[in-house]
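Comments concern the structure below.
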Amino acid sequence: MNPPVPASGLSRRRFLSGSAGAALALAATPPLFSIGASAEKPLRLAVIGFGAQGRVLVEALLKVPDVRIVALCDIWDYARVYGERLLKSNGLEVAGYRDVEELLAKEKDLDAAIVATPDVFHAPNTIACLRAGLHVYCEKMMSNTVEGARSMVQAMRETGRLLQIGHQRRSNPRYLVARDRLLGEARLPGRITAAQAQWNRAVSEDLGWPKKAAIPADVLAHYGYPDMHTFRNWRWFKKFGGGPLSDLGAHQIDIFNWFLGRLPSTVVASGGSDYYKNHEWFDNAMVVYEFPLAEGTARAFYQVQTTTSSGGGYFEQFMGTEGTLRISENPSLTTIYREAHAPSWEEWVRKNYLRANAAPAPEPGAKVDARETAALATYRLPVVTNKAIHQYHLENFFQAIRGRAKLNCPADEAFHSEYAIFKAIEAVETRRLVTIDEPVV
Amino acid sequence: MSAPLTPPAAGLGGPTLAFLVLRLWLGLRALVAGVEKFSARVTIQEPLLGADGAPDPSGAIVEIEKKVYGISHYHAVPDTLATKFAEEPLLPQLLTRPFFAGLGPALLVLGLLLLLGVATRWTLFAMGALYTFLTIGLMLIGQDAGVSWLAIHVGLVALALTLAEHNRLALTRA
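Now the structure itself:
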């Protein structure tokens, strides 16, 4: 299967062949929604990192059949004990560990690890697990440095274990249908000339902690944290995370690359610490990529705002001469727009790729400028997701371990895609146009 | 009571054909209206299918809206009208509840009787009365368009009654 938008240039071949291979392999496997009827030997899992994202993943894991969490690791006793109790209430007795090395030394019959630690620990934790013979599902970003991310790919290759990166949209049936059917088969947008994505959030207080549950200073220091505030708010500190472009933008810029079938060639960006004065990373950023597609250049604008939730929430959209696909993990934020001159979309409606929305009644006097384009007809994506958004990606990982699927986001593909995010951060920091060459692993 | 089957007239004149058309239209109208009161649009979930009829590799499930029929879907009037009827003080539920419960089945029976030509005059009269009672409700809740719509039906019923002596191709003579 080709990427939806033909890529130009042989230098991207590896990136594309990886995507195509995964899609073909998936086509040969049973549909994911049928997983669950089987009664197999459960895969034994360790969850490493039980912060906010770790909890999201554990909640999803509890709904996946034929997997069993047997070990839980977090340096914060308060979080780990909460996790142990949560799992116990779900009938799972788990061994708790503060340190990954200790976990790997004692747990000898694990099949896989789920890594959801702060970004700076992704590489060392993942590499340790791979070298211990485990398959690994690691949250994105792969690392807070290019070198860290590259070392993960190298470890995956050296060990021959599976390494799935948590760009979970790549396993979401809504995104798969949007990419493969709406953009690939139907080519609804026509020639894509622009893309846009954003994640806007309202201001929020820094995370706190119960004072009596604070981690001892020597333990914090052992893991490189100067204090509890930095531990709880690590996403804002350069030593530990990648800032909003990494935390939020990583998912969405990955969608640019995945849907358009290649990396951008250049990026310009602006960002700054406009509001929060105790953070190292910028609050807000605006990024413009150029994608040299076979049919011509498409520009992709990405913005992340952590000081306002205005502007329509979070979505990714692909705009073309005949229509626009706006998609979000939140189905209510997903809409497909048809330009008035576009060829009929009836065939795609008949195939259940689309559903037409009722046209709103025209408002007299709504048009104030003769140059305005009439309101576009809108359609919705009728694909429903009956599972937690991370569950599909986790299930793909487990199916791959069982040899029934290829990973939807193996580390080498994720590295290529995340390389564009590292370059956007570089563009913000250097305030220059940055060229994005083919990354070397 | 009456002859089992009315023999066809030697010549089907204009009034006979006119009545036949009216009987056919009014009968079908009532029958279809009755059937539709047992219909509903429901949303079901099915696997997205590819061109070969196999499930899409993504495993996507799509919501498909389908029209279905069944006794459990019975509704005498749309929900919006039902709410208005319930809020109308001159329409006590003691009267409206049995009326609405019987409306659909009554339309089915009357439509069928008219098409078959069973007790045609009385069937037409009952149909006209049913439409008139329904009109009263619509008048009270201010549904003028519905009143006009039913007035056309009542007019057609009245016209049919004036032509009923030309009834042919009916199971009973009356």
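These protein sequence lines map, in sequence, to chains A and B. Just so you know, we're using our numbering here: the first sequence kicks off at 352 and counts up by one. Just so you know, we're using our numbering here: the second sequence kicks off at 13 and counts up by one. Even glycine gets a Cβ: it sits at the ideal position worked out from N, Cα and C.
Compare the C-beta of residue i against all C-beta atoms of chain B and say whether one is closer than 8 angstroms.
i	result
residue 416/A	no
residue 608/A	no
Run through the DSSP bridge pairs and tell me what residue i is partnered with.
i	result
residue 656/A	551/A
residue 395/A	419/A
residue 670/A	545/A and 675/A
residue 61/B	67/B
residue 75/B	57/B
residue 80/B	52/B
residue 448/A	424/A
residue 649/A	642/A
residue 621/A	637/A
residue 465/A	398/A and 488/A
residue 515/A	488/A and 761/A
residue 665/A	550/A
According to DSSP, is residue i helix, strand or coil?
i	result
residue 433/A	helix
residue 101/B	coil
residue 375/A	Caution applies to residue 375/A, whose pLDDT of 40 falls short of 50 and renders its modelled position unreliable; the value that the coordinates give is listed next. Three-state DSSP puts residue 375/A in a helix.
residue 706/A	strand
residue 387/A	Residue confidence for residue 387/A is low, a pLDDT of 42 falling below 50, so the modelled location carries little weight; the figure read from the coordinates is stated next. DSSP places residue 387/A in coil when its eight states are reduced to three.
residue 750/A	helix
residue 635/A	strand
residue 109/B	helix
residue 486/A	strand
residue 787/A	coil
residue 42/B	helix
residue 166/B	helix
residue 409/A	helix
residue 147/B	helix
residue 607/A	helix
residue 536/A	helix
residue 728/A	strand
residue 687/A	strand
residue 734/A	strand
residue 778/A	helix
residue 184/B	coil
residue 478/A	helix
residue 720/A	coil
residue 628/A	coil
residue 16/B	Confidence in residue 16/B is poor, its pLDDT being 49 and thus under 50, which makes the residue's placement unreliable; the coordinate value appears in the next sentence. Here residue 16/B sits in coil by DSSP.
residue 740/A	coil
residue 755/A	coil
Going along chain B, which residues have a C-beta under 8 angstroms from residue i?
i	result
residue 733/A	74, 75 and 76
If you measure from the beta carbon of residue i to each beta carbon in chain A, is any gap under 8 angstroms?
i	result
residue 71/B	yes
residue 122/B	no
Flag residue i as yes when its Cβ comes closer than 7 angstroms to any non-hydrogen atom of the ligand ADP, and as no otherwise.
i	result
residue 153/B	With respect to the ligand ADP, the structure shown offers nothing to examine, as it has no ligands at all.
In chain B, which residues lie less than 7 angstroms from residue i when you measure between Cβ atoms?
i	result
residue 703/A	60, 74 and 76
Taking residue i as the query, report the chain B residues whose CB atoms sit under 9 angstroms from its CB, ordered along the chain.
i	result
residue 737/A	57 and 73
Residues of chain A with CB closer than 7 angstroms to the CB of residue i, please, in chain order.
i	result
residue 64/B	Within chain A, no residue comes near residue 64/B; the closest Cβ sits about 11 angstroms away, beyond 7 angstroms.
Quiz prompt | Residues from the segment 521-542 of chain A in contact with chain B, defined by Cβ distance under 8 angstroms | solution = 524, 525, 527, 528, 531 and 532
Quiz item: When Cβ atoms are compared, which residues of the segment 153-179 of chain B fall closer than 9 angstroms to chain A?
Solution: none
Self-check item: Contacting positions in the segment 101-134 of chain B - beta carbon closer than 7 angstroms to chain A
Solution: none
Self-check item: Against chain A: residues of the segment 87-99 of chain B by CB proximity under 7 angstroms
Solution: none
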